Amino acid sequence: MSSRRDKSGKSNRRDFFKKAAALGLGATVSGSSFWRPREASAQITIPKKPMPRRPFGRSSIMVSTLSLGGMFDILNNRLMLAKALDWGINYWDTAEGYGQGRSEEGIGRWFARNPDTRKQVFLVTKLSARRGGDFTGRLEESLKRLNTDYVDLFFVHGIRDISEMESSLKSWAQSMKKAGKIKLFGFSTHSNMEECLEGAAKLPWIDGIMFTYNYRLMHEARMKEAVEACYRAGIGLTAMKTQGGGPVKSDSESEIEMAGRFMQKGFSDNQAKLMAVWQDKRIASICSQMPNLTIMATNAAAAVEQTRLSMSDRALLAQYAEETCGDYCAGCERLCSGVLAQRVEISDVMRCLMYFHSYQDLGLARATFQALPAQTRELLTQVDFSKAERSCPRNLKIGRLMREASTLFV
Ligand code: SF4
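Under the working numbering, the first residue of the sequence shown is numbered 908, with each subsequent residue one higher.
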């Protein structure tokens, strides 16, 4: 399938999707591509097959392979929860900080009106330990917002080093389990994931981990070993950031070709990226941000269909990953932040840029940026990042990107 080219001769993804939509092959929603069945009109439908479930680590609790990521204003979008249950999505993920509490509050409002559904849901919330304060008190506040006595899984939010899982947290987790406030305990991470996983595999009190994992990272030797070690240790694994979006928008030739090839087969590149991760049976679930029904329906369709990607499909994804390697931040911040004299959380800033360029969600990017430590935000225009750039295996233009973030998100 051919694609249009801009004045510089480059293919243009937006034009491509406009053309594809006109042909009835797909749709453009808020600037992003989402698949829908070729025969579909405005109606969103998903196949009438059950949502697959997998055991969550040694707990053996069966969770839907697609999890509802709750980083949005659920309070005003509770229809999403009803549809999630209708479509068999029983794993709901939220956090203290999502939507400034409106995510937890929205789920709580749902449980208040639909108390019978609480037991159907595998409910996860997270607290950042770095924020300090009374951890137990903050969990109590979360439970109050969620209108429940317990969460099925509690994550320490966004660790970047396994040393953060100190022994005091082990004792805390045990006491919270004993009190019936949490059933399982673990952490989430999008920085230095491999090291965090390797360390966790040696800690028998870690029940679950949510981590960045996608078609770009899943074939890297160290990541493969780290995932295997956790899987063998009985840790339940949830993949996030599975679209592998980056702080740089590429619109590359291979992206256009990949999208066209997948679309002709009846699914989108977004769905193919999910399916690539589901083919790894060690991953219990994919947590996906699904703030609207279009995204939820397309993701649910991909989960339910369980279409296996062919070898040539996987090769296409690998080719795309290689060609756009320099657009993606892999979260290995020990390599870049680690060489700077002053602490700047580079990979977190890259994540904000990813929300902007890849998710096209300025609100989320700004909110995440504003939640970063003040020192990181203040130093973005002051620090010389050339040493960090030399250490980056993907040759990301860190200095330019940090300045871009400081302009976009203030
Ligand atoms: S900027 Fe480069 S070194 Fe730093 S986390 Fe991203 S990919 Fe790794």
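We put the beta carbon where it would ideally sit given N, CA and C, even for glycine. All of these numbers come straight from a predicted model, not from anything done at the bench.
In terms of side-chain proximity, the C-beta atom of Ile1113 is found no nearer than 7 Å to any non-hydrogen atom of the ligand SF4.
Within the DSSP secondary-structure output, Asp1234 pairs in no beta bridge. In the three-state reduction of the DSSP assignment, Pro962 falls in the strand class. In the assembly as shown, His1264 is a buried residue. Its beta-carbon has 16 or more other beta-carbons within 10 Å. Trp1112 carries a coil assignment under DSSP once its states are collapsed to helix, strand and coil. When the Cα atoms are used, Ala1146 and Arg1025 turn out to be separated by approximately 23 Å. Within the model, the alpha-carbon separation for Thr1149 versus Ile1202 is close to 14 Å. Three or more beta-carbon pairs drawn from the segment 1029 to 1039 and the segment 1062 to 1077 are found closer than 8 Å, and the two stretches are therefore classed as touching.
When the Cα atoms are used, Pro1111 and Ala1140 turn out to be separated by approximately 7 Å.
Annotation: Ile996 to Pro1154 spans about 29 Å, alpha carbon to alpha carbon. With distances taken between CA atoms, Leu1144 lies nearest to Ile1113 out of Ile1113, Ala1036, Lys955. Remark: the C-beta of Ile1066 is outside contact range of the ligand SF4, defined as less than 7 Å to any heavy atom. Between the segment 1224 to 1237 and the segment 1039 to 1052, the count of C-beta pairs closer than 8 Å stays below three; the two stretches do not touch. Contact annotation: Phe1042 and Ala1191 have beta-carbon atoms that are not nearer than 8 Å. The beta carbon of Asn1121 sits closer than 8 Å to those of Ala1146, Lys1148, Thr1149, Gln1150, Gly1151, Lys1180, Ala1183, Val1184, all from its chain and outside the five residues before and after it, given in chain order. Secondary structure at Gly1013: helix, using DSSP grouped into helix, strand and coil.
As the crow flies, the alpha-carbon of Leu973 is around 14 Å from that of Arg1189.
Between Met987 and Leu1046 a beta carbon distance of about 24 Å is seen, past the 8 Å cut, so the two are scored as non-contacting. Annotation: the continuous alpha helix (DSSP H) that includes Thr1201 extends over 1200 to 1212. Taken through DSSP and simplified to helix, strand or coil, Tyr998 comes out as strand.
Taking the C-beta atoms as reference points, Ile1089 is found nearer than 8 Å to Val1058. For Phe1276, the CB contacts under 6 Å within the same chain, skipping 5 residues up- and downstream, are Cys1259, Phe1316 in chain order. Across the structure, Phe1169 and Ser1175 are spaced so that their CA atoms are roughly 6 Å apart.
When the Cα atoms are used, Thr1096 and Leu1200 turn out to be separated by approximately 27 Å. Under the DSSP definition of a beta bridge, Met1117 partners with Ser1095, Thr1145. The C-beta distance from Thr1283 to Glu1252 rounds to 5 Å, short enough to meet the 8 Å contact threshold.
DSSP lists no bridge partner for Gln1267.
The alpha carbon of Arg1016 has as its nearest neighbour, out of Asp980, Trp994, Leu1216, the alpha carbon of Asp980. Contact between Met978 and Leu1279 is absent: CB atoms are separated by about 16 Å, not below the 8 Å threshold. Apart from the 5 residues on each side of it in sequence, Met1130 sits with its Cβ closer than 6 Å to the Cβ of Glu1101, Leu1124 in its chain, given in chain order. Assignment of Thr1055 by DSSP, reduced to helix, strand and coil, places it in the coil class. Burial check for Leu1269: the Cβ neighbour count within 10 Å stays below 16, so the residue is exposed.
CA-to-CA, the gap between Pro957 and Val1211 works out to about 7 Å.
Taking C-alpha positions only, His1126 is separated from Gly1039 by approximately 36 Å. Buried is the label assigned to Ser1010, since at least 16 other Cβ atoms lie within 10 Å of its Cβ. Asn1054 places its beta carbon less than 8 Å from that of Phe1018.
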